[in-house]
Amino acid sequence: MNLAILGAGAIGPAAAALAASRGHAVALWSPSGRGTAGMTDHIEAEGALTGRFSLRIAMTLEAALEGAEVALLAVPAYAHAALLPRIAAAMPPKMPLLIAPAAALSPLAFEALRAGLGPRAPVGGLATTPTTARRLAPGLVRIPAIRAAVDLAAIPAAAAPGLAAMATDLFGHECPVAPDVLQPALANANPIIHAVLALANVTRIERAEAWPQYELMTEASGRLMQALQAERDALAARCGLRVISLAESLHRASGVPRAALHAMGLAIAASGRSVNGPAAMDTRYVTEDVPFGLSFYLWLAARQGVAMPATESVVTVLESLWGRDLRRNALLDGLALEDLSGALRDGIGR
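Under mature numbering (1 follows the signal peptide of the UniProt record, and there is no 0), the letters of the sequence shown match residues -19 to -1, 1 to 331, in that order.
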């Protein structure tokens, strides 16, 4: 297929390398231009995927979408509010968009932006990204792991099997079909794991120290992660959904056996897939995963009548440590959600 990847941080180039390795033609676009600065006509990958893979650098959004059959949005969730209207205006109605990860209700926000188009392609939401990745240089990306499976849902919900087959063709991982895009918004393990790691290692982050992320998933931090998971699972159940566990997420990402979280962290480190944790206070572990993860849970829980005291406490403490509001989610501002279940099932204006 011809694939347009919108976003050129670490995940976009890694997904480009993965798709190109499977025989697909890839165009890569950076919204700011910084992500593709210094790149030419290829991307080199090391780690779980090794090689040099051809791609096309697109200087504009329109150039990226030209000739594409499908697009993948791979930017931080905090960029969605500004970027989704641009994509909605430029993307042909018949071109499907995959959003990875489908943070909060970003697929529904995109659906609302295109409501006036009438019949159009579905929009898909993935629970997480096709790979983990670190950008090492303009044309070099390290891929510690390629995911074995990533849950996927669609708007309208009935389109999910077709989009799942497309995503599997592009990236190789299985795509278990979820009932609606609320499920992948809750299934992503990163908001819980990353928020707890940031909370437990804030002084290391503030001092820009190098610290091994998975080795520091200790028993104590694992207990807090499990407490947040229990509250998230109760919220999902209230919404009629079931989401995979944190252990299952780590298993899918790394291949290590399912076990207690701290044991899985040590196993990931022993396998050579460990990475250092963040070393700057503007880390996405907080600026993205809290507003569009934990705080989204709280927003939804307030509407479902579900108590989440541990999650509320973690968000409050992180707000104090980081000295900023971590609850505002601009993606939700423009959504009329009187019939959320109907919009998730049938779409808007179709």
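We treat Cβ as the ideally placed atom computed from N, Cα and C, and that holds for glycine.
I need the straight-line Cα distance from residue 47 to residue 138, nearest angstrom please.
Counted from its first residue, the sequence shown places residue 47 at position 66. Counted from its first residue, the sequence shown places residue 138 at position 157. Straight-line Cα distance between these residues: approximately 27 Å.
First and last residue of the beta strand (DSSP E) that includes residue -18?
What you label residue -18 is simply residue 2 of the sequence shown in a count that begins at 1. Where residue -18 is concerned, the enclosing beta strand (DSSP E) stretches over -18 to -14.
Give a yes or no on contact between the segment 231 to 244 and the segment 269 to 283, applying the rule of three or more CB pairs nearer than 8 Å.
The segment 231 to 244 is not in contact with the segment 269 to 283.
Per DSSP, what kind of secondary structure is residue 122 in: helix, strand or coil?
The count along the sequence shown starts at 1 and reaches residue 122 at position 141. Reduced to three states, the DSSP call for residue 122 is strand.
So within the segment 162 to 229, which uninterrupted beta strand (DSSP E) runs reach at least 3 residues, ignoring any that extend past its ends?
Runs found: none.
Please check the pair residue 83 and residue 162, which I expect to be a contact at CB under 8 Å, by giving their CB distance rounded to whole angstroms.
For this step, residue 83 is matched to residue 102 along the sequence shown. For this step, residue 162 is matched to residue 181 along the sequence shown. The Cβ separation is near 5 Å, so the contact holds.
Does the segment 277 to 293 come close enough to the segment 217 to 232 that 3 or more CB-CB pairs lie under 8 Å?
Segments in contact, yes.
Considering only C-alpha positions, which residue in the set 86, 21 and 195 is nearest to residue 39?
As a position in the sequence shown, residue 39 is number 58, starting the count at 1. Among 86, 21 and 195, the Cα nearest to that of residue 39 belongs to 21.
In angstroms, rounded to a whole number, what distance separates the CA positions of residue -3 and residue 123?
One-based indexing of the sequence shown puts residue -3 at position 17. One-based indexing of the sequence shown puts residue 123 at position 142. Each residue's alpha carbon lies about 10 Å from the other.
Quick one: residues in its chain with C-beta nearer than 7 Å to the C-beta of residue 208, no 5 flanking neighbours on either side, listed in chain order?
Position 227 of the sequence shown holds residue 208. Only 291 meet the Cβ criterion.
Residue 105 to residue 144, Cα distance in whole Å?
Here residue 105 refers to the residue found at position 124 when the sequence shown is read from its first residue. Here residue 144 refers to the residue found at position 163 when the sequence shown is read from its first residue. If I take the Cα positions, the gap works out to 7 Å.
What residue does the alpha helix (DSSP H) around residue 102 start on, and which one ends it?
Against the sequence shown, residue 102 aligns to sequence position 121. Where residue 102 is concerned, there is no enclosing alpha helix (DSSP H), given that its DSSP letter is neither H nor E.
Would you mind listing the alpha helix (DSSP H) stretches within the segment 219 to 298 that are 4+ residues and don't spill past its ends, in chain order?
Listed in chain order, the complete alpha helix (DSSP H) runs (minimum 4 residues) inside the segment 219 to 298 are 227 to 235, 242 to 251, 265 to 268 and 276 to 285.
To which residues of the same chain is residue 310 closer than 8 Å at the C-beta, ignoring the five residues directly before and after it?
As a working note, residue 310 is residue 329 in the sequence shown. Hits under 8 Å: 85, 272, 273, 276, 277 and 280.
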